[in-house]
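The opening position of the sequence shown corresponds to residue 1 in full-length UniProt numbering, with each subsequent residue numbered one higher.
As structure tokens, the structure follows; a few thoughts come after it.
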Amino acid sequence: EPSLKTKKVLEGSQLLKNIKEASVLQFGLNEKKKKPSDVDYAFSVFANFITEGYIPCHTLLTTVLYDLAKNYKAQKLAKDSEEYLNAAIRESLRLHPPYSVISRQCMKMYHYPDSDLVIDKTITINVPVESIHRDEKYYKDAESFVPDRFLSGDNPPTHSFTYLPFGAGPRKCIGEQLGMQIACSVIKAVLKNYELEPCQKTPTQLKMVDHNFGRVVDSTIWLRFK
């Protein structure tokens, strides 16, 4: 809930006008009428959008910098090419997704193609994101950090549901684009000014643990910035 001071500043700012003019947010305001107030609702939607993209970024930045520090060739290519940097971020998300499992409820009976499996209505389906991301059936050399697999024309995943760091469909994470933009900007600035490499305290592998609704790196990650 916004503080009274923040609410007062927002009410008199250009920001609220801009928010109201954005079609998606305006639709929400029209639906909600004035309960809660326009300012409260606009603030909550806008704040949710920002936090959905911002909060997971510390884990994403950690994993990408770790992967690049351990793969100097990929680090060099990411420094010189924004396309390769985006591929490196996507590959790091494949290896270290922010969610190990995504749950969805079946809305109508579904017969799985070419099998006797029938999923009844209201059944909850747990999608094992990390297991899919590391399945050799979908990704060659799945345990290795290979950003090239996400470059244009380099044999991308054959099915969209084999890559799910932000979920899929209408309920996928609304902060995906914001999170990717933040990560790309920060990592680009780091690579412009520093060369990354492992040090004696750098773990040989990253360990992820569940935390609230997502996952975080289990321990402090040490890297050398040169």
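Ideal Cβ positions, reconstructed from N, Cα and C, are used throughout, including at glycine.
Ranked by how close their Cα comes to the Cα of F161, the residues A74, R94, K121 have R94 in first place. Along the segment 82-170, the alpha helix (DSSP H) occurs as fully enclosed runs of 4 or more residues at 82-95, 129-133, listed in sequence order. When only Cα atoms are considered, L196 and Y41 end up about 43 Å apart. Counting along the chain, E197 sits inside the beta strand (DSSP E) bounded by residues 196-198.
Between the segment 170-177 and the segment 105-116 there are fewer than three C-beta pairs closer than 8 Å, too few to call the two in contact. Under the three-state reduction of DSSP output, L223 falls in the strand class.
The residues A142, in chain order, have a CB closer than 7 Å to that of D135 in the same chain once the five nearest residues on each side in sequence are set aside. Comparing alpha carbon positions, the residue from V129, I132, Q105, S131 closest to I119 is Q105. Contact between M208 and H111 is ruled out by a C-beta separation of about 35 Å, above the 8 Å threshold. With contacts defined by Cβ atoms closer than 8 Å, A87 and P147 form a contacting pair.
At a Cβ-Cβ threshold of 8 Å, K121 and K137 do not count as neighbours. Residue environment: H133 is assigned as buried (16 or more neighbouring CB atoms within 10 Å of its CB, all protein chains considered).
Secondary structure at G214: strand, using DSSP grouped into helix, strand and coil. Around the Cβ of I125, a 10 Å sphere holds fewer than 16 other Cβ atoms; the residue is exposed. Beta-bridge analysis with DSSP links V209 to V216. Nearest Cα to T220 within the set L61, V45, A47, S44: L61. With contacts defined as CB atoms closer than 8 Å, F150 and D67 fail to qualify as a contacting pair. Between Y84 and A78, the beta carbon gap of about 5 Å places them in contact (Cβ cut-off 8 Å).
Sequence-distant partners of V127 (beyond 5 residues in either direction) whose C-beta falls short of 6 Å from its own C-beta, in its chain, are I102.
The DSSP-derived three-state label of G179 is helix.
Taking C-alpha positions only, F43 is separated from G175 by approximately 16 Å.
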